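In the UniProt record's numbering, the protein residues as written are 1 to 522.
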């Protein structure tokens, strides 16, 4: 079987047209003879032919790897073949079976001399350590110790445990074996996982009374919020009817917080774990005493009592006694715990607030909004010191990578890294047409997990990116963000709802819209 370059050009042109890439299709049309092929074959080639051929090629490559050079069939690894195959795996298999021929002489590339020097150094080190190694083992060491962009394949992240059908998930901040998750009923669970074989050692239920939802007539009362205390000894759970409950990590009920009348959107503990701040879908924020369950302050910011427009979905503690919440018309309102009146307002955003995050080192507040912007605020000013433009849709998440760099994601399918000091965009990766629903930075800030609408979870390598930036390897134009690994849900149309990292950053939990949740090994 063979395919000519012109036939391949035609399939690529057809793919561009099918996906709506009109400019790319027009450029290819001007430089090739695709119109001639279209007149002859358009009725005989179905939609999606290029993708279908690539998928068949991936399957053929994996199947070919089952047969050894002597014709014998290799033992079947059920775990490997139960996972979805992808292009990166197929390329790795193909490269192992047919090693790349290095160019020499006038056919060598400009970078070959640099790679050759590195290879010689590695070979010399290998010879000193073990002179009896054969050529095959030396070449394997070279590939391992001298990675290049061509050799850097994206890992397929394995699923190590299947959770129930869940809405939210949260790992304990101090114990890497404890994870809490909320189900589509009024029940949350805390399970203890054996990290060696990923078996469940213990499980406790956190039950809310089964009640009708405050927003619908259905008896659902889903768990909407799970937040651990800073020391990991307690957890607060919230449900659709507005009830909050405080539990110990072994499942003992401590307090019932029962003043909200609509679904809980978010809740946060202060640093000492003595106060809880919660917000609901009606823009009502309540400050609670976590030890007694007493409501200390009640904030209801609405232009009209009948207004259903959300002011925001996040809140943040500035310090142990001061906090910020979303206000009217995109404002951010600053409060003190012992006062009912606001200390001030931060003006700049034009729409609902989606992210509030305090940098405890630099004392700078990071905010993001549905107005597509990200802003940075200093404590001595009511106006932003930085404003980043670039996203074309609502910003879903924004986090501090360090005291200078910020990473953000948006419904437009882009992940962007910004510099606070230079007020510039330094890195970007864009997934056209695939909205991002959730993202989370690891505790050590070396990896960034992103969940897409199509069920894919991509983990980006932030450590490699920051090393490039620190070594001045970044050009004036934004660089792509390196990818560490991928995981794809096996269920079609399964959106990623929530992500959470374990304390040791070795596992990532995923909540889906339709199917069961997953724990992925990193």
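Where a beta carbon is used, it is the ideal one built from N, C-alpha and C, also for glycine.
Small disclaimer: the values here were computed from a predicted structure and weren't measured.
- Each residue's CA atom was taken as its position, placing residue 522 and residue 200 some 18 Å apart.
- In this structure, residue 224 sits away from residue 243, with a CB-CB distance that is not shorter than 8 Å.
- In the DSSP assignment, residue 16 falls within the unbroken alpha helix (DSSP H) covering 5-19.
- The stretch 23-30 and the stretch 40-60 do not touch, with fewer than 3 CB-CB distances between them shorter than 8 Å.
- By the neighbour-count criterion, in which 16 or more other beta carbons inside 10 Å mark a residue as buried, residue 506 falls on the exposed side.
- Residue 430 and residue 414 do touch by the CB rule: their CB atoms are close to 5 Å apart, below 8 Å.
- In this chain, residue 52 is not harboured by any beta strand (DSSP E); it is covered by the alpha helix (DSSP H) spanning 49-64.
- Under DSSP, residue 194 shares a beta bridge with 199.
- Residue 162 carries a strand assignment under DSSP once its states are collapsed to helix, strand and coil.
- Here residue 283 really is in contact with residue 311; their C-beta atoms are around 5 Å apart, less than 8 Å.
- Residue 491 and residue 247 have their C-alpha atoms roughly 34 Å apart.
- Residue pairing by DSSP places residue 207 opposite 187 in a beta bridge.
- Short of 6 Å from the beta carbon of residue 229, and not among the five residues preceding or following it, lie these beta carbons of its own chain, in chain order: 269 and 273.
- Residue burial is scored here from C-beta neighbours: residue 210 has fewer than 16 other C-beta atoms within 10 angstroms and is therefore classed as exposed.
- Setting aside the 5 residues that flank it on each side, residue 267 is surrounded in the same chain by 225, 227, 236, 238, 244, 276, 277, 278 and 279, each with a C-beta closer than 8 Å to its C-beta; the list follows chain order.
- In terms of Cα proximity to residue 333, the closest of 373, 361, 377 and 372 is 377.
- Secondary structure note for residue 357: its beta strand (DSSP E) is the uninterrupted segment 353-359.
- In the structure shown, residue 426 falls within a strand segment according to DSSP collapsed to helix, strand and coil.
- By the Cβ rule, the stretch 454-462 counts as touching the stretch 483-498, because three or more pairs are nearer than 8 Å.
- About 4 Å separates the CB atoms of residue 482 and residue 461; that is less than 8 Å, so the two are in contact.
- Burial state of residue 253 is exposed, judged by a 10 Å Cβ sphere holding fewer than 16 other Cβ atoms.
- DSSP places residue 470 in the uninterrupted alpha helix (DSSP H) bounded by 462-470.
- By a beta-carbon distance limit of 8 Å, residue 176 does not contact residue 232. Their separation comes to about 10 Å.
- DSSP, reduced to helix, strand and coil, places residue 369 within a strand of the structure shown.
- Under the DSSP assignment, residue 30 falls in the alpha helix (DSSP H) whose first and last residues are 22-31.
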